[in-house]
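The block underneath contains the structure these notes are about, expressed in C-alpha cells.
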Amino acid sequence: MWGTKRSLSVGNWTPPLRIVIERYNLDRRSLAVVVVAGLALLAYLGAARWAGGPGFPLDDAWIHQTYARNLATTGQWAYRPGQISAGSTSPLWTVLLSIGYWLGLNFRLWTYLLGFLALLATAWEVYRLGQRLFSDRPAIAFLAALSVAIEWHLVWAAASGMETLLFTALSLTLLDAFLAGADHLRSWFGIGLLGGLLTLTRPEGMVLLALVGLARLMADRWQKTEGKGRTPMAAPFASLRAGSSFFFRWAIVVGLGFALLIVPYLAFNRVSGAGWLPNTFYAKQQEYAVLLAEPYLLRLARLVGTTWVGPQVLLVPGFAWMVWRTLSSFPSPTRGGGRGEGFTWLPLAWWATFLALYAWRLPVTYQHGRYLIPSIPILLLYGVAGTTALIRPASPRLWTRLVGRTAIGALVVVALVFLGRGGWAYAVDVQIVNTEMVAAGLWLRDHAPAAALVAAHDIGAIGYYADQPLVDLAGLVTPEVIPFLRDESHLLAYMQSRKAAYFVTFPGWYPQLSADPCFTPVYQGNAPWSLQAGGEHMVIYRTCWR
Numbered sequence: 004m005w006g007t008k009r010s011l012s013v014g015n016w017t018p019p020l021r022i023v024i025e026r027y028n029l030d031r032r033s034l035a036v037v038v039v040a041g042l043a044l045l046a047y048l049g050a051a052r053w054a055g056g057p058g059f060p061l062d063d064a065w066i067h068q069t070y071a072r073n074l075a076t077t078g079q080w081a082y083r084p085g086q087i088s089a090g091s092t093s094p095l096w097t098v099l100l101s102i103g104y105w106l107g108l109n110f111r112l113w114t115y116l117l118g119f120l121a122l123l124a125t126a127w128e129v130y131r132l133g134q135r136l137f138s139d140r141p142a143i144a145f146l147a148a149l150s151v152a153i154e155w156h157l158v159w160a161a162a163s164g165m166e167t168l169l170f171t172a173l174s175l176t177l178l179d180a181f182l183a184g185a186d187h188l189r190s191w192f193g194i195g196l197l198g199g200l201l202t203l204t205r206p207e208g209m210v211l212l213a214l215v216g217l218a219r220l221m222a223d224r225w226q227k228t229e230g231k232g233r234t235p236m237a238a239p240f241a242s243l244r245a246g247s248s249f250f251f252r253w254a255i256v257v258g259l260g261f262a263l264l265i266v267p268y269l270a271f272n273r274v275s276g277a278g279w280l281p282n283t284f285y286a287k288q289q290e291y292a293v294l295l296a297e298p299y300l301l302r303l304a305r306l307v308g309t310t311w312v313g314p315q316v317l318l319v320p321g322f323a324w325m326v327w328r329t330l331s332s333f334p335s336p337t338r339g340g341g342r343g344e345g346f347t348w349l350p351l352a353w354w355a356t357f358l359a360l361y362a363w364r365l366p367v368t369y370q371h372g373r374y375l376i377p378s379i380p381i382l383l384l385y386g387v388a389g390t391t392a393l394i395r396p397a398s399p400r401l402w403t404r405l406v407g408r409t410a411i412g413a414l415v416v417v418a419l420v421f422l423g424r425g426g427w428a429y430a431v432d433v434q435i436v437n438t439e440m441v442a443a444g445l446w447l448r449d450h451a452p453a454a455a456l457v458a459a460h461d462i463g464a465i466g467y468y469a470d471q472p473l474v475d476l477a478g479l480v481t482p483e484v485i486p487f488l489r490d491e492s493h494l495l496a497y498m499q500s501r502k503a504a505y506f507v508t509f510p511g512w513y514p515q516l517s518a519d520p521c522f523t524p525v526y527q528g529n530a531p532w533s534l535q536a537g538g539e540h541m542v543i544y545r546t547c548w549r
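FYI, the numbering for the sequence shown is 4 to 549, going by our numbering.
Next comes the structure, spelled out in C-alpha cells:
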C-alpha cells in the first residue's frame, strides 16, 4: 500500500485484520501512516474533552448535523421539518452523516470516524500521486503521505465535523484517476461521476473537472504534434488518437457521468434556494464583498501565506524549486519515469487555480484558513519532492549529508510543535462553540416558547438543539435576506416584519442592532474561552415587538 519493503507477517493477526492486510498489501510503513493519523486525531479529541467536553470547532458543523438528522428521521432535505431549503453547501457530506443517525449511532463518534477515514483517504491519494509522478524516487510518496497524517490543519479538519477532507480526498482521487490514463468509456464515465461527487461536496469541485478537461484537450494536441519537434506524450496517454472529435467523445461521456449527479442538484437548488448553487455560495459572496476592495495580489499573497503556517513553511524552497522545474519543462512532459510524468503540472495547476479562485471571490483566512486546507496536501507532496532533491541526506559528501539530516530533524521537530499547538487550538475552538453557540441553543430550548420566532447568526447549534422556528440572518436557510444581509437597518425592518421574538448574535457582528433599545439582553454566557481568544459572548435579546 504505502511501500513494498518489510511486509507484515499476518500469521498471528485476527482473521478480519489479516484479510485487510493481505488484500491491500499493507506493510509497516502503511500501518505507520494509519497509526500516526489515528493517534494525532485521538490527541485532538482528547484535548477537547480535557478542556471541557467534545464537540466541533465550527458552528457550521452543527448545520450539517441538523440537515443530516432531519434527512434520516423525516426523509426531508430541510433545516426545519416541512421547510425544504438549499442551505447545505455539501449535500454528499450531509448524506454520509445521515447514515449514522439512520443506524442509531452516536453522531459525534460517527462524524469523527468519517473525518478519520477522509484523512486516511487524503494520505492514500497523496501516496498514489507521489508514486505516479515521482516513481523514480519511491520514498517521496511515503514521506508525503506521512506528512499529511501529522499536518495540523489536516488533523484539525478531520475532527471538525466538516466536509473539508472529503473534498480534499475526492479532488486528489479525480486527479489520480485522470493521470492513470485508462482509455475506455467506463473510466471516462467514472471521471464524470467523480467530478459530480466532488461538486456535491463543494461547488468549486466543478472547476477541477474543467481543468481536467483542459488537460485532456492538451493531451490530444500534444499527440497530434508528436514527431514535429515536441517531446512525445507521457505513457498514460500514448494511445490517444489525434483530433478534436476524440476529445469531444471523451467530453460527452464525462459530461454524462457528471450530469447524472449534478442536474438534480442544480434543479433542487434552483427550486428551493437563491439560485443554481447552494444558498451559502450567494450569502458568502454578499457578506464578504467588502474584502474585494483590497488589491487582488495582496489577497492572493495573504491566502497563500496562511497555508504555510506549519512545518510546510520549511518545504517552501523545495516546493518553489519543483514549480520552477515544472514550468521550465511545460508543456513538454517531464522525464521523471512516472506514469503521470506528462502531467506533473496538473496538480500544481489545481493548487494555483484553487487559491486564485478564493482570492478572487472569497478571500477569507479565518478559522485557520479552513476554506484553503484542500490545497495543503499538494503543497506537501511537491514540497517533499523538491526538498528531498535539494538536501540529499544520503549524499556521500559529509557536509551535504549533515545539512540534509539536520533539515530533516528540523522538519520533524517543527511538525510535532505545530501538531501540539494545533491540538490546543482545536480544543479552544470546540469550547468556544460549546460555551457560546451550543449554550445559546440549550437556553432557547429550555426558556423560549415553542412558537417563538428566533432570528440568529449563527444558526448551527441553535438549530440543532432548539426547536423554535428560525430566521437565518446569514442567509443559509433564509435566502431572502441575502441581498441585504450587511444592511443592519434593513435587517431590523425584516425582523420586525416577521415578528421575531428573539435576536441572537455576537454584538460585534451587528453593532447597530445590538445597541438598539428594542432589544433587551436576556442571556449571555460566562465561560472564559471566547474572551481569552479575543472575542466576546454570544447574546440572546428579547425583542420589543414579540
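Glycine included, every Cβ here is placed at the ideal spot set by N, Cα and C.
Contact holds between the segment 364-381 and the segment 153-165, because three or more Cβ pairs, one in each stretch, are under 8 angstroms apart.
Burial state of residue 67 is buried, judged by a 10 Å Cβ sphere holding 16 or more other Cβ atoms. Within the DSSP bridge table, the entry for residue 475 names 459 as partners. Ranking 268, 250 and 164 by CA distance to the CA of residue 89 puts 268 first.
If you draw a 10 Å sphere on the C-beta of residue 434, you find 16 or more other C-beta atoms in it, and that means buried.
Between residue 329 and residue 353, the beta carbon gap of about 13 angstroms keeps them out of contact (Cβ cut-off 8 angstroms). Contact annotation: the segment 270-288 does not touch the segment 116-129, with fewer than three C-beta pairs closer than 8 angstroms. Assignment of residue 544 by DSSP, reduced to helix, strand and coil, places it in the strand class. If only complete runs of 4 or more residues are kept, the segment 347-411 shows the alpha helix (DSSP H) at 348-364, 369-372 and 379-394, in order along the chain. Put simply, the backbone Cα of residue 142 is about 14 angstroms away from that of residue 127. Within the same chain, 413, 414 and 417 come within 7 angstroms of residue 317 by CB-CB distance, once the 5 residues on both sides are set aside.
Between residue 201 and the set 478, 260, 401 and 470, the nearest pair of CA atoms involves 260.
Residue 501 has its alpha-carbon roughly 11 angstroms from the corresponding atom of residue 455. In this structure the segment 169-180 touches the segment 127-141; the number of beta carbon pairs closer than 8 angstroms is three or more.
Exclusion of the five residues before and after residue 461 leaves 62, 440 and 477 as the residues of its chain whose Cβ lies within less than 7 angstroms of its Cβ. The straight-line gap separating the alpha-carbon atoms of residue 473 and residue 466 is approximately 8 angstroms. In this structure, the straight-line span from the alpha carbon of residue 384 to that of residue 147 is close to 5 angstroms. Straight-line measurement puts the Cα of residue 504 at about 48 angstroms from the Cα of residue 381. Between residue 83 and the set 271, 69, 429 and 92, the nearest pair of CA atoms involves 69. Rounded to whole angstroms, the separation of the alpha carbons of residue 492 and residue 444 is 25 angstroms. DSSP places residue 506 inside the beta strand (DSSP E), whose first and last residues are 505-508. One thing to note: residue 210 has its Cβ no nearer than 7 angstroms to the Cβ of residue 181.
In the DSSP assignment, residue 525 falls within the beta strand (DSSP E) that extends over 522-527.
Close CB contacts of residue 52 within its chain, under the 7 angstroms cut and outside five residues either way in sequence, are absent. At a Cβ-Cβ threshold of 7 angstroms, residue 438 and residue 323 do not count as neighbours.
For the pair residue 196 and residue 287, the CB atoms are not nearer than the 7 angstroms cut-off. When DSSP states are grouped into helix, strand and coil, residue 79 belongs to the coil group. The C-beta distance from residue 191 to residue 257 rounds to 5 angstroms, short enough to fall under 8 angstroms. CA-to-CA, the gap between residue 453 and residue 301 works out to about 48 angstroms. Per DSSP, residue 289 has no beta-bridge partner at all. Beyond the five residues adjoining it in sequence on each side, residue 168 comes within less than 6 angstroms, by CB distance, of 121, 122, 125, 160 and 161 in the same chain, given in chain order. A straight line joining the alpha-carbon of residue 487 with that of residue 481 spans about 12 angstroms. Straight-line measurement puts the Cα of residue 420 at about 16 angstroms from the Cα of residue 430. Restricted to the segment 92-161, the alpha helix (DSSP H) segments that are unbroken, complete and at least 4 residues in length are 94-106, 110-136, 142-153 and 155-161, listed in chain order.
Residue 356 is not a Cβ neighbour of residue 309, given a cutoff of 7 angstroms. No residue range can be given for residue 485, since it is assigned to no alpha helix (DSSP H) and is classified by DSSP as neither H nor E.
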